[in-house]
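Below: one structure, written as C-alpha cells.
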Amino acid sequence: MSRLSVRNVWKEYPGQVVLERLSLEIASGEFCALVGPSGCGKTTFLRMLLGEESPTRGTIELDGKPLVAEPGPDRGVVFQRYSVFPHLTVLQNVIIGREFERSPFLGKLFGAKRRAAEEEAEEVLNEVGLSAHRAKYPAELSGGMQQRLAISQALIRKPKVLLLDEPFGALDAGTKSQMYELLLRLWAEYKMSIFMVTHDLKEGFTLATRVLAFDKVRIDPQAPGAYGATVTYNLPLEDKIAAMAVA
Amino acid sequence: MRRIINLRPGRGGIVLWGALPFLMAAIAYAVASSTRLAANPNDKLLPHFESFVAAIARLALNPDPRTGDYLMWVDTLASLERLGLGLAVSTALALVLGVAVGLIPYIRAGLSPIIGVISMIPPMAVLPVLFIVFGLDELSKVVLIVFGVAPFLVRDLAIKVGDMPREQLIKAQTLGASTWQIVVRVVLPQMLPRLIDAVRLSLGPAWLFLISAEAIAATEGLGYRIFLVRRYMAMDVILPYVAWITLLAFLSDAGLRWINARFFPWLQAGKGQS
Ligand SMILES: Nc1ncnc2c1ncn2[C@@H]1O[C@H](COP(=O)(O)OP(=O)(O)OP(=O)(O)O)[C@@H](O)[C@H]1O
Ligand SMILES: [Mg+2]
C-alpha cells in the first residue's frame, strides 16, 4: 500500500520559489509521469518524495503518515546517472540491498545467506535480461544495461514507491521500447507506485496511469524567482486505471 | 611526412628512448670523472665507478670493523622503519579523519578549520619542538613525517569523499544502508585506491622529512650516513646512497601502483585493454 497525499506544498530556495501550492492525492499503485519544461522543479519534487529535501511549507504523507525526512528502503530510486556502484559487479550491485538489510555490521553476507541472496538476485537479473553479464562492472555495460541494473538494484528491497528521474533519457528508441515493456511488467508484478520524470510526453502517455504537468501559472518578468511552478494538469488516464484495477 | 604528433615509437623504441637519457648521463659522468681524475688522481668530487663499487662493498657486504654491523643494511632498515611507521600512521589518520570529515557534516564543521590551520604550519619549523617534546630518538622522526604528510592526506581524502556523486549516497540509503554500512561498503572501497594514489604522491615529502630529521639527530639511517660522510667529502658513499634511496622510493611507488591495479580491478574496467 502506498497512497500519497501532498497538501499545499511549497519549496523555496534562497531568492527563488521553485514549487508552490502543490496538492495531490495519488492512489496506491499508480504510475505517474511528471512532465514540464526544464528547470520547473520536477526533480525537486522527486527529491522531496525521496526525503532528500523537505518542503518549505505543507506536508507530504505516505499512507497517512508524514514522510520520513531521509531516504529509506520504502522508496527506491533510479537516477539519470551514477545510480549504480562502480566498484561492484552487476551481481554484487543487486545483492547489496539484501546485505544492508541482513548484515548490519559488515554489510556483507557469507555462506548460505549469501547464496540465498545471490539466487534471489539472479531471478531479478533474469527478469531484466542481465544474467549473462553478472560478473561485469558497470563501466563495462551500455547505458541501457546500466539503467536496467539500476532498476533491478532498486527492486530487490521491494519498495512501495519507485522514483525514476529521466531514466531513459539517454537511450535510443529501440532500447527505450524494450525498457517500457520491462518497466510495465515489473510494475504489474511488484504492485508499487511509480513516479517517473520524463521529457518525452509520448513516453509519459504510453506508460503512465496519470500524467502530471508542472508549469508556472504566474510569471513576474521583473522577478523570475518570485513565483513557482505547480501542477497545471493532473490527467488520469481512465482506461489504464481501469485496466490496473482489473489486474 | 606525417605530423610528428602522429609518429609513435614501437615497444622496443619506447625502451630505447627511455634508456637513452640514463645512458647519456652515465657517459657524461664517466667522461667528466676521468678528466678530473687524470688531472688529479686524489680528486674526491667525481669518483670513478670502481670507487662506488668498493664503497658499497665496504658498507653493505663487510661488517664495520668498529661495531660489527653491516652499515648500509642497518641504515636502510632504520630509515624504512621510520618511513613505514610515519606513512602507516598518516594513512590511518587520513582514512579515519578524511572519511569522517568528508561524509559527516557535524565532524566537518568541527574539524575542517583546525585541520586547515594545522596543514599550513611548516613541519620543519616545529621540528625543534618535536625534538624537545618527543626526545631525539625514533618518535620525533616518525612524528615529523606524520606532521608533514598526514594533513595533506586527510584533506585530500576529505575532498574526494565530498566529491562522490550524491546519487550514490542517496541510492545506498534507499537500499536501507546505515551510515556505518555506507562507510564500509560504499565509501571506503572507492576511496582506498584514491588514498593509495595520494600516499604515492606524498612519498617524496615523506623522504624529505625523514632525511632532514636524520641529518639533524640520529645514530643510524640513510640520511644520517650521507650527512656524516659529507665531512670527508666521501662522494663515493654519498652518490650510491642517493641512488639507493631513489631506488627504494621508486620501488615503493611501483609497489603501491601494483596494489591498486591488483586489488581494485574495477578502476580499469571499461577502459579498454584488460
Ligand atoms: N539545491 C538547490 N539550491 C538552489 N536552487 C536549486 C537547488 N536545486 C534546484 N534548484 C532550482 O530549482 C529549480 C528547479 O530545479 P529542478 O532540478 O527541480 O528542475 P527540473 O524540472 O528537474 O529540470 P530538468 O527538466 O532540466 O531536469 C531550478 O531553477 C534550480 O535552479
Ligand atoms: Mg531534473
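As they're listed, the protein sequences go chains A and B.
If you're matching positions, the first sequence starts at 1 in UniProt numbering and goes up one per residue.
If you're matching positions, the second sequence starts at 1 in UniProt numbering and goes up one per residue.
A virtual CB, placed ideally from N, CA and C, is assigned to each residue, including glycine.
Note that the coordinates shown come from a computational prediction; the quantities given were computed from them, not determined experimentally.
Check whether the Cβ of residue i lies closer than 8 angstroms to any Cβ atom in chain A.
| i | result |
| --- | --- |
| B/I107 | no |
| B/K171 | yes |
| B/Q273 | Low confidence applies to B/Q273: its pLDDT is 48, below 50, so where it sits in the model is not reliable enough to give any reading. |
| B/T174 | yes |
| residue 275 of chain B | Look at the range of chain B in this structure, 1 to 274, and you will see that residue 275 of chain B is not part of it. |
| B/A100 | no |
| B/W244 | no |
| B/G162 | no |
| B/A269 | yes |
| B/R225 | no |
| B/R185 | yes |
| B/E50 | no |
| B/A198 | no |
| B/E214 | no |
| B/A261 | no |
Is the CB of residue i under 8 angstroms away from at least one CB in chain B?
| i | result |
| --- | --- |
| A/H87 | yes |
| A/I194 | no |
| A/A154 | yes |
| A/S83 | yes |
| A/I60 | no |
| A/I95 | no |
| A/F110 | no |
| A/V18 | no |
| A/V77 | yes |
| A/G144 | no |
| A/A170 | no |
| A/Y137 | yes |
| A/L50 | yes |
| A/E120 | no |
| A/F100 | yes |
| A/L125 | no |
Taking the CB atoms as reference points, tell me whether residue i and residue j lie closer together than 8 angstroms.
| i | j | result |
| --- | --- | --- |
| A/C32 | A/R210 | yes |
| A/P138 | A/V94 | no |
| B/I159 | B/N260 | no |
| A/V128 | A/I151 | yes |
| A/V18 | A/R57 | no |
| A/L171 | A/G204 | no |
| A/L155 | A/L149 | no |
| A/L163 | A/L50 | yes |
| B/F152 | B/V143 | no |
| B/G86 | B/A206 | yes |
Since residue i contacts residue j with CB under 8 angstroms, what's their CB separation in whole angstroms?
| i | j | result |
| --- | --- | --- |
| A/M196 | A/L34 | 7 angstroms |
| B/L256 | B/V199 | 6 angstroms |
| A/R134 | A/V90 | 5 angstroms |
| B/L83 | B/I145 | 7 angstroms |
| B/G102 | B/V161 | 3 angstroms |
| A/L22 | A/V231 | 6 angstroms |
| A/G107 | B/V184 | 5 angstroms |
| A/P73 | B/T179 | With a Cβ gap of about 15 angstroms, A/P73 and B/T179 do not count as contacting. |
| B/M233 | B/K44 | 5 angstroms |
| A/R75 | A/P159 | 6 angstroms |
| residue 248 of chain A | A/G174 | Look at the range of chain A in this structure, 1 to 247, and you will see that residue 248 of chain A is not part of it. |
Would you mind sorting residue i into buried or exposed? The rule is 16 or more other CB atoms within 10 Å of its CB.
| i | result |
| --- | --- |
| B/T67 | exposed |
| B/A32 | exposed |
| B/M120 | exposed |
| B/R166 | exposed |
| B/V237 | buried |
| B/P105 | exposed |
| A/E189 | exposed |
| B/W17 | exposed |
| B/D69 | exposed |
| A/K202 | exposed |
| A/Q222 | exposed |
| A/F105 | exposed |
Check: Are the segment 205–223 of chain A and the segment 234–246 of chain A touching by the rule of at least three beta carbon pairs closer than 8 angstroms?
Finding: Because the criterion of three Cβ pairs below 8 angstroms is met, the segment 205–223 of chain A and the segment 234–246 of chain A touch.
Check: Does the segment 199–218 of chain B come within contact of the segment 183–191 of chain B, defined as at least 3 CB pairs closer than 8 angstroms?
Finding: With fewer than three CB-CB distances shorter than 8 angstroms, the segment 199–218 of chain B does not count as touching the segment 183–191 of chain B.
Checklist line | the segment 235–253 of chain B touching the segment 165–182 of chain B, judged by at least three CB pairs closer than 8 angstroms | finding: Below 8 angstroms, too few C-beta pairs join the segment 235–253 of chain B and the segment 165–182 of chain B to call them touching: fewer than three.
Next item on the list: Specify whether the segment 203–218 of chain B and the segment 126–135 of chain B touch according to this definition: at least 3 beta carbon pairs, one from each stretch, less than 8 angstroms apart.
Entry: Contact between the segment 203–218 of chain B and the segment 126–135 of chain B is present, because at least three Cβ pairs lie under 8 angstroms.
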